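Notes to accompany the following structure.
In my numbering, the protein residues as written are 3 to 694.
Structure, rendered in structure tokens:
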């Protein structure tokens with residue numbers, strides 16, 4: 003019993019000694035302020051000095067009793083001893099550190115309970131708050147040379163204020179501050195500001211002069227309206243969401259083994275749609291694997307194929323529920339063929355600018371939309387009197403003097419194969435068939451498989467190309483030209499967007515942002531077709547399409563500084579003759595201001611008056627033609643009118659008698675593209691006519 007009593011006594015004496023331990027405070031000015039002024043506040047009101055027992059010293063117990071401290075003596079040169087106030091939650095410095103020997107590096111990390119730091123005329127070059135996980139408010143004014151601060155560990159931060167004289171920052175990163183509501187930097191400037199943190203700032207509590215601001219996509223428009231027009235605002239500093247998010251991922255295999263074995267090939271070029279009933283989006287993957295990032299909620303993810311009837315998908319869709327399920331969640335899909343369907347598609351576009359007298363690179367792309375491996379040939383018809391073949395890769399055969407032909411074998415479903423060729427265009431001074439600015443050349447690409455194609459309409463593409471002199475290398479082009487016929491309304495139109503790095507350093511990331519006009523296009527029909535580099539396509543906010551080229555390190559040297567993406571999308575079938583549809587895109591190179599492309603305007607041809615009715619029974623063939631053209635209709639044919647691409651009248655033929663078929667000879671016309679209006683006793687129809 004005596005041993006227990008002595009042990010308890012020793013313990014009590016040790017405890018008393020510890021709580022009575024005097025804190026070393028070497029600066030007499032600082033010590034005097036702590037022990038003689040009402041620097042201790044309670045609920046925002048001055049209450050007392052730290053020295054509660056009046057002995058002129060600061061004991062550990064007295065320091066631990068303080069949660070709110072306000073310091074105002076500008077002659078202080080050393081705050082050693084402040085680290086003992088480990089229960090401190092709020093500290094305010096007013097006109098502090100005026101002494102010339104004041105340390106310019108200040109470390110608050112030992113005061114781990116701090117929630118608020120307010121510094122006015124408190125000079126420091128380095129402020130360390132990286133371990134203050136409870137910090138909610140940080141504000142400072144006239145603090146000298148501060149130009150950097152690490153906020154990566156301050157997840158509770160709600161307010162950040164830099165007043166006049168508070169310094170300028172090359173970067174400020176609040177990406178790990180998901181509770182941030184208020185952000186002001188008065189007079190100072192910021193090079194790069196990252197507030198992509200999964201939360202929305204209060205627009206009434208935001209004011210920053212920054213060169214670049216990275217935001218969450220949902221606040222991009224609002225933040226853009228709060229800053230000057232020279233500030234670049236987007237979400238492309240990273241390609242995952244800010245703040246807390248969850249991941250859905252998986253792979254899709256083509257079931258060739260019968261049981262979707264791991265050895266079965268991945269099925270690429272698939273759009274994956276996801277929704278929770280409110281948030282809706284889509285991600286396109288050209289690798290066979292997908293990643294989707296979402297906030298908490300219950301989501302369905304579904305593979306969206308261009309022709310769903312061609313396929314059996316197991317499961318048809320997957321569901322995940324966050325946070326009931328942990329992130330990431332994997333949902334794989336197995337896709338097998340529904341029957342045996344051949345369906346090929348061909349696209350053609352230029353790879354360089356078409357200038358008279360120069361070499362121009364072109365590409366033909368064949369895509370297998372069917373559900374079986376496909377073999378066949380693709381033929382290119384060109385105007386050999388206006389250009390000369392320089393090269394082709396792979397080397398093409400030449401069945402005729404104005405044709406190139408390539409073969410392909412066992413092209414897997416949903417994959418592409420490309421064929422390149424280079425033409426030397428005629429000069430403006432050529433003695434025969436000169437080419438000048440504003441002239442058009444045309445190409446026709448036709449793909450044929452070994453069986454019956456399920457959708458023969460896209461087995462041929464006529465590409466009209468205008469000859470130019472100067473050009474913007476960041477542009478958008480409709481591959482159909484400036485017009486389409488009324489019969490093409492509601493079908494796919496094809497676009498190409500080019501980008502070129504004209505800077506002085508490589509571009510790590512490139513993003514093409516395309517806002518689709520939902521009154522003209524059906525966003526659900528968008529299909530990416532081809533690109534110069536690996537990329538991911540993302541559809542968000544109902545109508546925003548982003549083609550993301552991440553980590554491509556696009557060179558700035560002229561030979562290797564460009565790229566492109568090609569996609570197709572259907573127009574709405576509510577468009578009528580005489581309507582136009584238009585579109586442009588923004589191209590983002592890293593953190594630079596976007597380059598806005600030209601606005602590509604396409605007109606739906608109209609040669610008939612508003613009162614005339616379209617006769618959809620009219621059929622013309624073959625198209626392209628070498629001269630002889632057949633016209634059939636369910637109604638009696640009355641006349642045809644032919645105009646060129648510029649709308650110039652060329653020829654009219656009137657028919658006599660009540661006939662529903664006619665044969666015309668256009669062999670005397672030069673090769674090119676024309677518009678033919680066929681009029682019947684029911685109405686009329688306009689068709690684009692290609693003469694080889």
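Note that beta-carbon positions come from the ideal geometry of N, C-alpha and C, so glycine has one too. Being a predicted model, the structure only gives us computed values, none of them experimental.
Using a threshold of 8 Å, state whether the C-beta atoms of residue i and residue j are closer than that.
| i | j | result |
| --- | --- | --- |
| residue 250 | residue 164 | no |
| residue 591 | residue 604 | no |
| residue 437 | residue 469 | yes |
| residue 85 | residue 44 | no |
| residue 365 | residue 347 | no |
| residue 1 | residue 173 | This structure leaves residue 1 out entirely; the chain is present only between 3 and 694. |
| residue 687 | residue 617 | yes |
| residue 108 | residue 140 | no |
| residue 90 | residue 73 | no |
| residue 625 | residue 663 | no |
| residue 456 | residue 383 | no |
| residue 32 | residue 94 | no |
| residue 321 | residue 300 | yes |
| residue 110 | residue 131 | yes |
| residue 339 | residue 309 | no |
| residue 98 | residue 76 | yes |
| residue 557 | residue 349 | no |
| residue 674 | residue 444 | yes |
| residue 692 | residue 620 | no |
| residue 176 | residue 197 | yes |
| residue 290 | residue 268 | yes |
| residue 554 | residue 476 | no |
Using CA coordinates, which residue listed in the options is at the minimum distance from residue i?
| i | options | result |
| --- | --- | --- |
| residue 246 | 270, 239, 399 and 298 | 298 |
| residue 622 | 642, 145, 173 and 271 | 642 |
| residue 155 | 659, 262, 137 and 244 | 137 |
| residue 129 | 90, 228 and 169 | 169 |
| residue 380 | 424, 450 and 444 | 450 |
| residue 467 | 475, 446 and 328 | 446 |
| residue 293 | 602, 248, 327 and 326 | 248 |
| residue 305 | 331, 324 and 275 | 275 |
| residue 331 | 253, 600, 444 and 459 | 253 |
| residue 498 | 204, 528 and 187 | 528 |
| residue 55 | 576, 67, 385 and 482 | 67 |
| residue 398 | 410, 387 and 388 | 410 |
| residue 418 | 389, 401 and 371 | 371 |
| residue 27 | 52, 554, 454 and 474 | 52 |
| residue 482 | 266, 606 and 652 | 606 |
Among all the DSSP beta bridges, which residues are the ones paired with residue i?
| i | result |
| --- | --- |
| residue 108 | 129 |
| residue 590 | 513 |
| residue 689 | 678 |
| residue 537 | Paired residue(s): none; residue 537 is not in a bridge. |
| residue 284 | 275 and 541 |
| residue 119 | 93 and 140 |
| residue 477 | 500 |
| residue 300 | 323 |
| residue 366 | 350 and 421 |
| residue 163 | 141 and 186 |
| residue 209 | 186 |
| residue 216 | 196 and 236 |
| residue 655 | 642 |
| residue 462 | 448 |
| residue 399 | 407 |
| residue 379 | 409 and 450 |
How close, in whole Å, do the beta carbons of residue i and residue j come, if the pair is a contact with beta carbons under 8 Å?
| i | j | result |
| --- | --- | --- |
| residue 413 | residue 375 | 6 Å |
| residue 270 | residue 416 | 6 Å |
| residue 646 | residue 572 | With 8 Å as the limit, residue 646 and residue 572 do not qualify as a contact, their Cβ atoms being about 28 Å apart. |
| residue 215 | residue 225 | 6 Å |
| residue 185 | residue 208 | 5 Å |
| residue 690 | residue 602 | No, residue 690 and residue 602 are not in contact; Cβ-Cβ is about 18 Å, not under 8 Å. |
| residue 29 | residue 88 | That pair is no contact at about 20 Å. |
Compute the minimum distance between the beta carbon of residue i and the heavy atoms of the ligand COA, and state whether it is under 7 Å.
| i | result |
| --- | --- |
| residue 378 | In terms of ligand content, the structure shown is empty, and the ligand COA therefore cannot be addressed. |
Determine whether the Cβ of residue i lies closer than 8 Å to any Cβ atom of chain D.
| i | result |
| --- | --- |
| residue 328 | The structure shown has no chain D; it contains just one protein chain. |
Indicate whether the contact test is met: 3 or more Cβ pairs, each with one atom in the stretch 329 to 342 and one in the stretch 398 to 409, closer than 8 Å.
no
Is it the case that the stretch 538 to 555 contacts the stretch 457 to 464, given that we only count it when at least three CB pairs across the two stretches are under 8 Å?
no
Are at least three pairs of beta-carbons, each pair with one atom in the stretch 577 to 595 and one in the stretch 508 to 516, less than 8 Å apart?
yes
Hey, is the stretch 230 to 239 in contact with the stretch 482 to 496, meaning 3+ C-beta pairs nearer than 8 Å?
no
Counting Cβ pairs closer than 8 Å, one from the stretch 304 to 321 and one from the stretch 218 to 226, do we hit at least three?
no
Three or more C-beta pairs under 8 Å: does that hold for the stretch 352 to 361 against the stretch 629 to 641?
no
With a threshold of 8 Å, are at least 3 pairs of Cβ atoms found where one atom belongs to the stretch 50 to 66 and the other to the stretch 23 to 39?
yes
Do the stretch 564 to 571 and the stretch 522 to 540 make contact, defined as three or more Cβ pairs closer than 8 Å?
yes
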